[in-house]
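Residue numbers (my numbering): 23 to 481.
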């Protein structure tokens, strides 16, 4: 194949050009090799996503990136984080010697998403989304506000743990926030509608390699340093032990149902009813397994569960959705710093962003079908940097077997698909981050085209 045609094909490849720094400044000495190279790559990119597993140092990488961009642009950097994580981020910055502060001003300005409307985004040279899975919903308030308001900001960074591997909506929203490609354009380019629900999309068979190549042009994904060819020393997770507790259900044989024994709750309505009918039994079990001498977090789904546990366990403090932002933040900081021993809350309130390696015991007094909430909540404790084995207690009624089985299935699917995502992107991301260039068109025929005789005559 002649060179001009190869260049023509290469020009048609779908990728997003770098818009950041051409020369990367000196970075903090505290960065590990994989962190240093990822930060340097993100600075060259200008608009990048870091999908890095919990405990790999996303906070430090975000802060190092923000410091370099603030110096480069001469403008402040807005660093957004979930509630209470912003205060945690300031402490992280202080620990690593990177100047940062809460609220508006110059330099690195850290705040939580709830205070987004208090800032004039036009004065910032960069924006960072910590726990950027907030972009998950296509019609969410923060998603639309962030995408619209960030279009004129030249430097953008989105950071979260490895996103849900089967949630292409989340990947598309990240691409749209970064200005790489709109969510709808991504679907039209790489996906085909799979019928049925409007959410069912699958990768076009012939577009799979190009999709991952495109992803690797603006995002890096890793669960451990060796995914990108680095040493895993110091990144060993402690054991995670699940303890499942089943509580009985009071049931009398019924002529109406024809059932002698309780049956599994199958429908959503039946599962909700099973949870409501067994609150007392599950709370009693929770009180029984709560240790008296070390920190513990109970995760609930119903208000009745959290209220009952908070009353039944001495010194337990409940974080409610109705608490104002300052009250929530104060309670979470108090638990992080050891002033609260037992915390009772919901995954939807506190399940994202907090680093609680000082605690190695947690439990779910109630479950729903969301594996993401379970995963994120457990990862507050089971993460790199945790020195103790983590114990997770799951309490369910004997009629909730379908819910437990569904979560287990989602867990296995997520592990398998996340491994596939990392496998597809690993060498591409490694090449981009370490500075090598991949120049290999997909189409490279070795045989010349032979025209049929009738076409030769026509010519």
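Each residue gets a CB set at the ideal place from its N, CA and C atoms; glycine is no exception.
- For residue 195, the enclosing alpha helix (DSSP H) begins and ends at 190-199.
- Membership of residue 264 in the beta strand (DSSP E) is indicated by the continuous run 262-269.
- Counting C-beta atoms within 10 angstroms of its own C-beta, residue 117 has fewer than 16 neighbours from the protein chains shown and is therefore classed as exposed.
- For residue 305, the CB contacts under 8 Å within the same chain, skipping 5 residues up- and downstream, are 327, 330, 331, 334, 387 in chain order.
- In this model, residue 148 and residue 239 are separated by some 20 Å (Cα to Cα).
- Contact between the region 374-394 and the region 44-54 is absent, with fewer than three C-beta pairs closer than 8 Å.
- Listed in chain order, the non-local C-beta contacts of residue 246 below 7 Å within the same chain comprise 75, 254, 257, local neighbours out to five positions each way being set aside.
- Under the three-state reduction of DSSP output, residue 44 falls in the coil class, being neither helix nor strand.
- A direct Cα-to-Cα measurement between residue 409 and residue 379 gives close to 8 Å.
- Between the region 85-95 and the region 49-66, the count of Cβ pairs shorter than 8 Å is three or higher; the stretches touch.
- With respect to the C-alpha of residue 404, the residue from 266, 347, 259, 296 having the closest C-alpha is 259.
- Under the DSSP assignment, residue 131 falls in the beta strand (DSSP E) whose first and last residues are 130-134.
- Residue range 347-358 is occupied by the alpha helix (DSSP H) that includes residue 348.
- Partner residues in a beta bridge of residue 137, as assigned by DSSP, do not exist.
- Sequence-distant Cβ neighbours of residue 244 in its own chain, meaning closer than 6 Å and more than five residues away, are 74, 250.
- In this structure, the CA atom of residue 359 is about 45 Å from the CA atom of residue 209.
- In the structure shown, residue 79 adopts coil according to DSSP, grouped into three states.
- The bridge partners DSSP lists for residue 152 are 181.
- Sequence-distant partners of residue 313 (beyond 5 residues in either direction) whose C-beta falls short of 7 Å from its own C-beta, in its chain, are 383.
- For residue 121, the CB contacts under 8 Å within the same chain, skipping 5 residues up- and downstream, are 89, 115, 129, 130 in chain order.
- Between the alpha carbons of residue 175 and residue 152 lies a gap of roughly 17 Å.
- Comparing alpha carbon positions, the residue from 241, 167, 213, 216 closest to residue 202 is 241.
- Annotation: the continuous alpha helix (DSSP H) that includes residue 235 extends over 230-240.
- Within the same chain, 243, 244, 245, 249 come within 7 Å of residue 444 by CB-CB distance, once the 5 residues on both sides are set aside.
- Per DSSP, the unbroken beta strand (DSSP E) holding residue 100 starts and ends at 99-103.
- With respect to the C-alpha of residue 180, the residue from 189, 190, 198, 163 having the closest C-alpha is 198.
- Taking each of 101, 105, 92 in turn and checking the Cα distance to residue 353, the smallest one comes out for 105.
- Taken through DSSP and simplified to helix, strand or coil, residue 174 comes out as coil.
- In terms of Cα proximity to residue 413, the closest of 399, 419, 270, 426 is 399.
- Taking C-alpha positions only, residue 228 is separated from residue 167 by approximately 35 Å.
- Check the Cα spacing between residue 297 and each of 417, 207, 472, 26: the tightest is with 417.
- In this structure, residue 99 sits near residue 146, with a CB-CB distance shorter than 8 Å.
- A direct Cα-Cα distance of roughly 10 Å separates residue 321 from residue 395.
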